[in-house]
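Residue numbers (my numbering), protein chains in the order written: chain A, 3 to 251; chain B, 9 to 435.
Presented below is the structure to which this report refers.
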């Protein structure tokens with residue numbers, strides 16, 4: 003599904019990713035963990051195509067295609083979804099409109115007709131119940147006046163509606179209380195499927211108690227320094243990241 | 009302004025003065041208006057409050073009123089519950105029965121009173137109203153009797169004649185007696201490619217406790233020059249909600265002079281401008297607080313794309329007899345294009361204590377974070393940009409309380425912004 007080879011990326015001339023290697027097969031959930039400043043969010047943004055990052059070398063393949071050659075909106079239509087660490091508020095752009103525009107952009111890209119408005123609303127309402135979101139949020143501006151937890155739920159709602167092939171969730175757990183975390187995790191878990199992959203970018207192990215990953219990778223100083231199964235996350239929880247710092251050097 | 013232009017103005021007036029209807033404005037009053045205008049001179053961009061207007065269009069214009077022979081153009085869908093009055097080149101052509109409690113008169117009509125009203129503001133910024141007073145060929149006088157809760161009136165002004173063949177001078181007086189209520193929709197439309205000159209003058213008089221909701225939509229033709237001057241007097245506890253959208257014309261300038269004369273009077277001024285191509289949208293608004301506990305709430309949202317210029321100059325003065333005044337200004341501009349220009353100027357002058365006044369003005373480009381968020385959801389860049397521009401104007405457009413009107417305006421703005429059909433799903 004996703005293959006990253008020797009990826010180097012810089013921001014404002016400063017190299018953040020320094021030869022990152024990652025392979026995420028279809029159907030798997032991988033966690034990328036690391037201390038602050040290790041390059042976790044840079045990785046998520048580079049995958050989604052955010053402007054401001056310079057790829058100095060390396061390659062990224064998504065479903066066999068050269069991901070880096072695609073514009074951000076093309077990546078999305080191909081089925082890549084980024085769950086933002088800090089979802090943006092867009093007053094005046096209605097939530098349900100954005101959802102529908104996003105779904106239709108992907109459908110058009112795949113040669114499918116637009117969604118039926120009524121069926122679409124029914125689907126969205128169902129997913130909202132799953133995320134324990136109030137229906138009134140639909141008619142509000144995108145994330146407008148939402149609390150931190152509501153914004154994160156809204157990200158997952160969008161993901162549930164868009165059903166991406168690859169979801170990259172950037173610190174989706176940050177700022178969530180335990181109840182919201184469970185709701186978000188439940189939403190993510192319902193989307194696990196054999197033809198879908200997920201990359202969970204996180205600082206803490208806590209999220210992984212609710213979304214059990216197939217693989218855990220440790221990102222330090224722009225490189226994956228260690229990979230393992232979920233027990234690696236537990237080890238990090240106990241020992242912190244310091245013991246791996248030397249390996250990164 | 010050049011003397012040759014004033015000479016031409018006098019000559020043109022001299023040639024038509026005998027034919028101008030005295031019911032609308034008496035001949036002596038016309039002459040007086042012309043003299044005052046000539047003494048003040050036509051506005052010039054060297055004046056602080058005219059800096060951003062496109063005044064070149066005045067130099068090539070013909071001031072003589074158009075002959076009003078043009079055919080009735082296509083009009084927007086009528087608004088349900090509104091009595092519609094249509095003016096072609098500022099002369100009344102079609103009317104509905106006036107709603108109960110409301111008198112609507114064309115002063116040109118036979119039997120109309122001969123004492124046509126005067127504009128009533130001496131502010132130099134309002135002096136283009138003198139040009140209107142010099143040449144006006146018709147005037148609408150709308151009166152609402154005390155206590156009447158009147159249904160709506162729709163005034164449609166169509167500029168159908170090219171400027172080389174004459175100008176049009178819409179002229180409206182809206183007078184609400186004590187406790188009266190009215191909603192007025194005033195539209196200015198233009199024939200698609202007529203290079204017309206429109207110079208309108210509107211006088212609003214609100215008696216104690218009167219409430220006027222006034223929607224003004226400028227959708228002039230793409231090559232039109234549109235000048236507009238409005239003055240409003242608010243008595244005690246009167247309330248004036250003015251919402252203006254400027255989208256059409258090549259050169260548009262609107263001047264508003266509001267006087268809050270009675271305690272507790274309230275003005276809400278919400279304005280939006282959408283400038284594309286080489287358009288200029290310039291607005292100057294002065295709100296004078298001259299009585300205690302008066303209130304002004306001012307909101308402006310303007311977008312300049314291409315080589316357009318959008319300007320809003322909002323001045324609020326709080327006189328020494330206006331303690332307890334509350335005024336708020338929120339002015340925002342959005343720039344889309346290296347050659348686009350937005351000029352925002354909030355001004356506040358306070359001559360008393362115990363007031364609450366706040367103002368903010370920001371101009372900037374489309375928010376990169378918002379843009380990327382929309383792209384990351386698969387929206388095409390041009391759709392995302394239009395959506396954000398749209399959202400920017402919504403601060404003002406969302407205040408339109410009439411769903412049909414709001415939808416018409418939204419569709420018109422979307423149509424002007426883009427061909428992107430997907431945006432229409434917004435509605």
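The beta carbon of each residue, even a glycine, is placed where N, CA and C say it ideally should be.
Computed from a predicted model, the values in this text were never measured in an experiment.
Span separating the alpha-carbon of residue i from that of residue j
i: residue 344 of chain B; j: residue 282 of chain B; result: 11 Å
i: residue 280 of chain B; j: residue 226 of chain B; result: 10 Å
i: residue 231 of chain B; j: residue 183 of chain A; result: 58 Å
i: residue 198 of chain A; j: residue 14 of chain A; result: 34 Å
i: residue 158 of chain B; j: residue 233 of chain B; result: 33 Å
i: residue 371 of chain B; j: residue 350 of chain B; result: 7 Å
i: residue 322 of chain B; j: residue 133 of chain B; result: 13 Å
i: residue 141 of chain B; j: residue 229 of chain B; result: 24 Å
i: residue 166 of chain B; j: residue 98 of chain B; result: 7 Å
i: residue 368 of chain B; j: residue 320 of chain B; result: 13 Å
i: residue 218 of chain A; j: residue 232 of chain A; result: 6 Å
i: residue 58 of chain B; j: residue 52 of chain B; result: 6 Å
i: residue 105 of chain A; j: residue 117 of chain A; result: 8 Å
i: residue 261 of chain B; j: residue 275 of chain B; result: 20 Å
i: residue 392 of chain B; j: residue 238 of chain A; result: 41 Å
i: residue 175 of chain B; j: residue 46 of chain B; result: 18 Å
i: residue 169 of chain B; j: residue 205 of chain B; result: 8 Å
i: residue 180 of chain A; j: residue 148 of chain A; result: 18 Å
i: residue 2 of chain B; j: residue 211 of chain B; result: It is not possible to answer for residue 2 of chain B, since the shown part of chain B is limited to 9 through 435.
i: residue 200 of chain A; j: residue 31 of chain A; result: 5 Å
i: residue 191 of chain B; j: residue 89 of chain B; result: 11 Å
i: residue 179 of chain B; j: residue 188 of chain B; result: 22 Å
i: residue 407 of chain B; j: residue 223 of chain B; result: 10 Å
i: residue 421 of chain B; j: residue 342 of chain B; result: 15 Å
i: residue 298 of chain B; j: residue 13 of chain B; result: 37 Å
i: residue 435 of chain B; j: residue 418 of chain B; result: The pLDDT assigned to residue 435 of chain B is 47, lower than 50, so where the model puts this residue is not dependable; a value taken from the coordinates is nonetheless given after this. Approximately 8 Å, taken between the alpha carbons.
Contact check, residue i vs residue j, beta carbons under 9 Å
i: residue 45 of chain A; j: residue 34 of chain A; result: yes
i: residue 184 of chain B; j: residue 95 of chain A; result: no
i: residue 85 of chain A; j: residue 170 of chain A; result: yes
i: residue 307 of chain B; j: residue 278 of chain B; result: yes
i: residue 126 of chain A; j: residue 164 of chain A; result: no
i: residue 31 of chain B; j: residue 124 of chain B; result: yes
i: residue 235 of chain B; j: residue 207 of chain B; result: yes
i: residue 353 of chain B; j: residue 310 of chain B; result: no
i: residue 66 of chain B; j: residue 42 of chain B; result: no
i: residue 100 of chain B; j: residue 94 of chain B; result: yes
i: residue 266 of chain B; j: residue 293 of chain B; result: yes
i: residue 20 of chain B; j: residue 72 of chain B; result: yes
i: residue 325 of chain B; j: residue 364 of chain B; result: no
Per-residue burial, residue i [other beta carbons within 10 Å of its own, 16 or more giving buried]
i: residue 272 of chain B; result: buried
i: residue 48 of chain B; result: exposed
i: residue 424 of chain B; result: exposed
i: residue 172 of chain B; result: exposed
i: residue 398 of chain B; result: buried
i: residue 213 of chain B; result: buried
i: residue 189 of chain A; result: buried
i: residue 2 of chain B; result: In this structure chain B extends from 9 to 435, so residue 2 of chain B is not present and cannot be described.
i: residue 112 of chain A; result: exposed
i: residue 87 of chain A; result: buried
i: residue 329 of chain B; result: exposed
i: residue 80 of chain B; result: exposed
i: residue 256 of chain B; result: buried
i: residue 56 of chain B; result: exposed
i: residue 223 of chain A; result: buried
i: residue 355 of chain B; result: exposed
Chain E contact for residue i (CB, 9 Å cutoff)
i: residue 241 of chain A; result: Although the question refers to chain E, the structure presented lacks it and instead comprises the protein chains A and B.
Which runs of the alpha helix (DSSP H) fall wholly inside the stretch 173-214 of chain A and span at least 4 residues, in chain order? 180-192
Interface residues of the stretch 93-105 of chain A facing chain B [CB-CB below 9 Å]: 93, 94, 95, 96, 99, 100, 101, 102, 103, 104 and 105
My parser needs the beta strand (DSSP E) runs of 3 or more residues fully inside the stretch 336-413 of chain B; what are they? 349-358 and 364-373
Give, in chain order, every residue of the stretch 377-388 of chain B whose Cβ lies closer than 8 Å to some Cβ of chain A. 377, 378, 380, 381, 382, 383, 384, 385, 386, 387 and 388
If you measure beta-carbon to beta-carbon, which residues of the stretch 392-403 of chain B are closer than 9 Å to chain A? 392, 395, 396, 398, 399, 400, 401, 402 and 403
For the stretch 36-54 of chain A, which residues have a CB atom closer than 8 Å to at least one CB atom of chain B, in sequence order? 50, 51, 52 and 53
Report the residue ranges of all beta strand (DSSP E) runs contained in full by the stretch 270-333 of chain B; include only those spanning at least 3 residues, in chain order. 274-283, 288-297, 303-313 and 317-326
Report the start-end ranges of each beta strand (DSSP E) in the stretch 69-132 of chain A that is 3 residues or longer and not cut off at the edges. 82-85 and 92-96
Check each residue of the stretch 179-193 of chain A: if its Cβ is closer than 9 Å to any Cβ of chain B, include it; give the result in chain order. none
Note down, in chain order, all residues in the stretch 70-83 of chain A with a beta-carbon under 7 Å from any beta-carbon belonging to chain B. 74, 75, 78 and 79
Report the residue ranges of all beta strand (DSSP E) runs contained in full by the stretch 129-189 of chain B; include only those spanning at least 3 residues, in chain order. 148-152, 160-167 and 179-184
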